[in-house]
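Engineer: Once you've had a glance at the structure underneath, I'll fire off some questions.
2 protein chains.
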Amino acid sequence: MGKVRIGIAGYGNLGRGVELAIRQNDDMELAGIFTRRDPSAVTPLTPGAPVYKIDDIRSMTDKIDVLIICGGSATDLPKQTPELAQYFNVIDSFDTHARIPEHFANVDKAAKESGHLAFISLGWDPGLFSLNRLYAESILPNGKSYTFWGKGVSQGHSDAIRRVPGVKRGIQYTVPVESAMDAVRSGSMPELTTRQKHTRECWIVPEEGADLAAIENAIKTMKNYFDEYDTTVNFISEEEFDAKHNKMPHGGFVMRSGLTGDGEQTHQMIEYSLKLESNPEFTASVLICYARALARLKAEGATGCKTAFDIAPAYLSKLTGEQLRASML
Amino acid sequence: MGKVRIGIAGYGNLGRGVELAIRQNDDMELAGIFTRRDPSAVTPLTPGAPVYKIDDIRSMTDKIDVLIICGGSATDLPKQTPELAQYFNVIDSFDTHARIPEHFANVDKAAKESGHLAFISLGWDPGLFSLNRLYAESILPNGKSYTFWGKGVSQGHSDAIRRVPGVKRGIQYTVPVESAMDAVRSGSMPELTTRQKHTRECWIVPEEGADLAAIENAIKTMKNYFDEYDTTVNFISEEEFDAKHNKMPHGGFVMRSGLTGDGEQTHQMIEYSLKLESNPEFTASVLICYARALARLKAEGATGCKTAFDIAPAYLSKLTGEQLRASML
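Residue numbers (this note's numbering), protein chains in the order written: chain Z, 227 to 555; chain A, 227 to 555.
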């Protein structure tokens, strides 16, 4: 099998992460970057990497084995993934949990009709966290699952605070509550409210002369975003903002506390966690190793839509089954 | 599909764990317990559960969908699993890592020739820890993996100290070194020696009048078992031993510290951990959910030998693909 030729549709933080992840996998190569912008205005991180108008992508069907679609879940992916699955094998990181069944159905239909293979909702949540929920709940049916996120930047909440009048720059961190996590780890299977699980931390550069109390109040009472949480609002200078809040860290914890044995009194605890200095780079690394799995499953004749649940782990690795059993089992 | 009918071959701690795990899964039922002992001398935890001589198992081929073989890895499984795979779909927890390729080949041959499906080396290490090594190394190719075990009872080391002259009762705990784990979590990718990763803790009830210093010295200098570790030896009364050391806790940590991004300077950390009050009960829970996967894959026509690497996660869950996507993705 030759190298897997990867197309990148959408060149934001995630698209750049995919470009960089390709470099770490010598069985992959970059076939092209596709953008809505003017290609001549885009400078790829890889010197000489070809950049095309997204509108021209259909002329490239024989040059791309796997197209990784790096758009947003709100409006881009629901439209792009089913559309592009008519012409390419595709992967996306669609993360609007409630709309996954609908997205799956749309992509599955387009991919089956055209004989392509599509993987959706990959990354870490949905993705690796989902896998850990599935494994843990299957192993410990009598138990309780918990997901904590952070400490990390929430894009949606950062966008929300930047819309508040008087806010010049803003970033929001979701912070898991340590004492709540420790209560879970104790095996006591606590019922935890939204407020008990996470706090929200905002860092704001205000506009000159802005009413700081009004900003703070507008944020803390914002429905759906902040009103159910304990939120702190910090005002800082633009200089400090640039120095300390220029990264996109994230992470989180999936825990399963279960009971086994005679009378079901034996505590068993499974915990999975991620601590990421860059959310988009890590998500991209997940997408790239699933691109390897996609190329292999496609070669076996698979079509339609699949998620992380449907893909045997061995497909992700460059190693053969024999090598895996000898080195990693 | 009717209930999956489970046979248990070998009725020690693991066999009893499997019996109890069946109770937690209403799509499973216990078809029979098979033992080398006199069946009339065995009292199952489940009143009325049928107990048979292991020699009579071949007359039960039409009564058992999946046979879980609960023998030891040193001498039982290398012989039993290939032998029984001629007549049954089988699962084992073979855990002698260095001999897995050989065991796989033997079981694969027997299962393929007879049209059965066999899963080997399931449990948590090998098993869940192996899966986490595979996922993490595929996602972060530039990185370093670490496995820490404990705190928990090592059966092999406990057996070894019980063979020391003057030892009446004995148990050994493997303890991961916190500072070593913290060094890994820091992202510094340390090189760690055997001694730096784990300590060994022994609790001994000596024979009346035994030479305690001689016992301690014999343990601490024991080749392959203790000489490469910092070991502590504690002498206690039989009463204290019975009160405090009557459980089989275990667990451990799989960590992957990796680098991504331009220049590969972004730290990414994946950590998976288990904290188990009962090692055999948890291992049994893993085996039982893989029995569900086996029954499904067999119905699809699969034969031969497989490991956790080859089995798509969705097969482990009682939920349908649609339910999984709606509730767990």
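In this text, a Cβ means the ideal position worked out from N, Cα and C, and glycines have one as well.
Please read all numbers here as calculations on a predicted model, not as lab measurements.
Under three-state DSSP, which class holds Asp318 (chain A)?
Structural biologist: Here residue 318 (chain A) refers to the residue found at position 92 when the second sequence is read from its first residue. Note: Asp318 (chain A) maps to strand in three-state DSSP.
Engineer: So with Cβ pairs under 9 Å, would you call Met495 (chain Z) a contact of chain A?
Structural biologist: Along the first sequence, one-based indexing puts residue 495 (chain Z) at 269. Answer yes: the Cβ-Cβ gap between Met495 (chain Z) and chain A drops below 9 Å somewhere.
Engineer: Going straight from the alpha carbon of Arg395 (chain A) to that of Pro352 (chain A), what length do you get?
Structural biologist: Mapped onto the second sequence, residue 395 (chain A) falls at position 169. Mapped onto the second sequence, residue 352 (chain A) falls at position 126. For Arg395 (chain A) and Pro352 (chain A), the distance between alpha carbons rounds to 29 Å.
Engineer: So, under 8 Å CB-CB, Ala517 (chain A) and Val292 (chain A) are touching, yes? Tell me the CB distance rounded to an integer number of Å.
Structural biologist: Indexing the second sequence from 1 puts residue 517 (chain A) at position 291. Indexing the second sequence from 1 puts residue 292 (chain A) at position 66. 4 Å between Cβ atoms; contact.
Engineer: CB Thr301 (chain Z) to CB Asp318 (chain Z), shorter than 9 Å?
Structural biologist: On the first sequence, residue 301 (chain Z) is found 75 positions in, with the first residue counted as 1. On the first sequence, residue 318 (chain Z) is found 92 positions in, with the first residue counted as 1. Cβ atoms of Thr301 (chain Z) and Asp318 (chain Z): not closer than 9 Å.
Engineer: Considering only the alpha carbon of each residue, which of Z:Leu418, Z:Gly489, Z:Asp468 and Z:Leu360 lies closest to Glu245 (chain A)?
Structural biologist: On the second sequence, residue 245 (chain A) is found 19 positions in, with the first residue counted as 1. Of the listed residues, the one whose Cα sits closest to Glu245 (chain A) is Z:Gly489.
Engineer: Alpha carbon to alpha carbon, what distance is there between Glu328 (chain A) and Phe355 (chain A)?
Structural biologist: Within the second sequence, the letter at position 129 stands for residue 355 (chain A). Within the second sequence, the letter at position 102 stands for residue 328 (chain A). The straight-line gap from Cα to Cα measures roughly 20 Å.
Engineer: Does DSSP put Pro327 (chain A) in a helix, in a strand, or in coil?
Structural biologist: Numbered from 1 along the second sequence, position 101 holds the residue referred to as residue 327 (chain A). Correct three-state label for Pro327 (chain A): helix.
Engineer: Mind checking if Leu246 (chain Z) is an interface residue toward chain A, Cβ cutoff 9 Å exclusive?
Structural biologist: Indexing the first sequence from 1 puts residue 246 (chain Z) at position 20. True, the Cβ-Cβ gap to chain A drops below 9 Å.
Engineer: Leaving aside the five residues before and after Thr420 (chain A) along the sequence, list all residues of the same chain whose C-beta is less than 8 Å from its C-beta, in chain order.
Structural biologist: Locating residue 420 (chain A) in the second sequence gives position 194, where the first residue counts as 1. Glu454 and Tyr455.
Engineer: CB Phe508 (chain Z) to CB Leu360 (chain Z), shorter than 9 Å?
Structural biologist: Translated into the one-based positions of the first sequence, residue 508 (chain Z) becomes position 282. Translated into the one-based positions of the first sequence, residue 360 (chain Z) becomes position 134. No.
Engineer: Shorter than 9 Å from the beta carbon of Gln381 (chain Z) to some beta carbon of chain A?
Structural biologist: For this step, residue 381 (chain Z) is matched to residue 155 along the first sequence. Output row for Gln381 (chain Z): interface = no.
Engineer: My output table needs one value for Lys279 (chain A): the three-state DSSP class, helix, strand or coil.
Structural biologist: The residue labelled residue 279 (chain A) in the question sits at position 53 within the second sequence. Lys279 (chain A) falls in the strand class under three-state DSSP.
Engineer: Among the residues of its own chain, which have a CB less than 7 Å from the CB of Val403 (chain Z), if the five just before and after it don't count?
Structural biologist: On the first sequence, residue 403 (chain Z) is found 177 positions in, with the first residue counted as 1. These residues qualify, in order along the chain: Gln422, Lys423, His424 and Thr425.
Engineer: Please list, in chain order, the residues of the region 475-495 of chain A that have any C-beta partner in chain Z closer than 7 Å.
Structural biologist: Thr486, Gly487, Asp488, Thr492, His493, Gln494 and Met495
Engineer: Closest Cβ-Cβ distance between Arg522 (chain Z) and chain A: below 9 Å?
Structural biologist: By one-based count along the first sequence, residue 522 (chain Z) stands at place 296. For Arg522 (chain Z), the answer is no, since every Cβ of chain A falls outside 9 Å of its Cβ.
Engineer: Any beta carbon of chain A sitting closer than 9 Å to that of Thr529 (chain Z)?
Structural biologist: For this step, residue 529 (chain Z) is matched to residue 303 along the first sequence. Not one chain A Cβ lies under 9 Å of Thr529 (chain Z).
Engineer: To the nearest angstrom, report how far apart Gln381 (chain Z) and Ile346 (chain Z) are at their CA atoms.
Structural biologist: For the purposes of this step, residue 381 (chain Z) is taken as the residue at position 155 of the first sequence. For the purposes of this step, residue 346 (chain Z) is taken as the residue at position 120 of the first sequence. Between Gln381 (chain Z) and Ile346 (chain Z), the C-alpha separation is close to 20 Å.
Engineer: For chain Z, find out if any of its Cβ atoms is closer than 9 Å to the Cβ of Leu502 (chain A); answer yes or no.
Structural biologist: What you label residue 502 (chain A) is simply residue 276 of the second sequence in a count that begins at 1. So, interface residue.
Engineer: Closer than 8 Å is the cut-off here; do at least three beta carbon pairs connect the region 467-475 of chain Z with the region 494-509 of chain Z?
Structural biologist: yes
Engineer: Can you name the residues that DSSP bridges to Ser371 (chain A)?
Structural biologist: Locating residue 371 (chain A) in the second sequence gives position 145, where the first residue counts as 1. In DSSP, Ser371 (chain A) forms a bridge with A:Arg482.
Engineer: Can you give me, in chain order, the residues of the region 408-424 of chain Z that have a beta carbon less than 7 Å from any beta carbon in chain A?
Structural biologist: none
Engineer: Indicate whether the contact test is met: 3 or more Cβ pairs, each with one atom in the region 271-279 of chain Z and one in the region 534-552 of chain Z, closer than 8 Å.
Structural biologist: no
Engineer: Just to confirm, does Leu418 (chain A) get its C-beta within under 8 Å of one of the non-hydrogen atoms of the ligand PLP?
Structural biologist: The ligand PLP is not part of the structure shown, which contains no ligands of any sort.
Engineer: Let's test the definition: count the other Cβ atoms within 10 Å of the Cβ of Arg263 (chain A) and tell me whether it reaches 16, buried, or not, exposed.
Structural biologist: Position 37 of the second sequence, counted from the start, is the residue given in the question as residue 263 (chain A). Classification of Arg263 (chain A): exposed, given that the 10 Å Cβ count is below 16.
Engineer: Reducing DSSP to helix, strand and coil, say where Arg395 (chain Z) ends up.
Structural biologist: Start at 1 with the first residue of the first sequence, and residue 395 (chain Z) comes out as number 169. Residue state, collapsed to three classes: strand.
Engineer: Can you find a CB in chain Z that lies within less than 9 Å of the CB of Ile326 (chain A)?
Structural biologist: The residue you call residue 326 (chain A) lines up with position 100 of the second sequence. Ile326 (chain A) counts as touching chain Z.
Engineer: Measure the C-alpha to C-alpha separation of Arg551 (chain A) and Ile365 (chain Z) and round it to an integer number of angstroms.
Structural biologist: Numbered from its first residue, the second sequence carries residue 551 (chain A) at position 325. Numbered from its first residue, the first sequence carries residue 365 (chain Z) at position 139. Their Cα atoms are separated by approximately 18 Å.
Engineer: Is Ala344 (chain Z) near Ala336 (chain Z), with beta carbons less than 9 Å apart?
Structural biologist: As a working note, residue 344 (chain Z) is residue 118 in the first sequence. As a working note, residue 336 (chain Z) is residue 110 in the first sequence. Yes, Cβ-Cβ distance for Ala344 (chain Z) and Ala336 (chain Z) is below 9 Å.
Engineer: Inspect the beta-carbon positions of Met495 (chain A) and Gly484 (chain A) and report whether they are closer than 9 Å.
Structural biologist: If you number the second sequence from 1, residue 495 (chain A) lands on position 269. If you number the second sequence from 1, residue 484 (chain A) lands on position 258. The beta carbons of Met495 (chain A) and Gly484 (chain A) sit closer together than 9 Å.
Engineer: Could you give the C-beta distance for Leu438 (chain A) and Phe461 (chain A), rounded to a whole number, given that I count them as a contact under 8 Å?
Structural biologist: Locating residue 438 (chain A) in the second sequence gives position 212, counting from the first residue. Locating residue 461 (chain A) in the second sequence gives position 235, counting from the first residue. With a Cβ gap of about 6 Å, Leu438 (chain A) and Phe461 (chain A) count as contacting.
Engineer: Over what stretch of residues does the beta strand (DSSP E) that includes Ser499 (chain A) continue unbroken?
Structural biologist: In the second sequence, counting from the first residue as 1, residue 499 (chain A) sits at position 273. It spans Thr492 to Leu502 - the beta strand (DSSP E) in which Ser499 (chain A) sits, taken as one unbroken run.
Engineer: What's the gap between the Cα of Val333 (chain Z) and the Cα of Gly487 (chain A)?
Structural biologist: Locating residue 333 (chain Z) in the first sequence gives position 107, counting from the first residue. Locating residue 487 (chain A) in the second sequence gives position 261, counting from the first residue. Roughly 30 Å separates the two Cα atoms.
Engineer: Is the shortest distance between the beta-carbon of Tyr361 (chain A) and the beta-carbons of chain Z less than 9 Å?
Structural biologist: On the second sequence, position 135 is the one that residue 361 (chain A) refers to. It does: the Cβ of Tyr361 (chain A) has a partner Cβ on chain Z nearer than 9 Å.
Engineer: Counting only Cβ pairs nearer than 7 Å, list the residues of chain Z close to Cys515 (chain A).
Structural biologist: Mapped onto the second sequence, residue 515 (chain A) falls at position 289. Within chain Z, the residues near Cys515 (chain A) are Ser364 and Ile365.
Engineer: What does His424 (chain Z) pair with, by DSSP beta-bridge criteria?
Structural biologist: The residue you call residue 424 (chain Z) lines up with position 198 of the first sequence. Paired residues: Z:Pro402.
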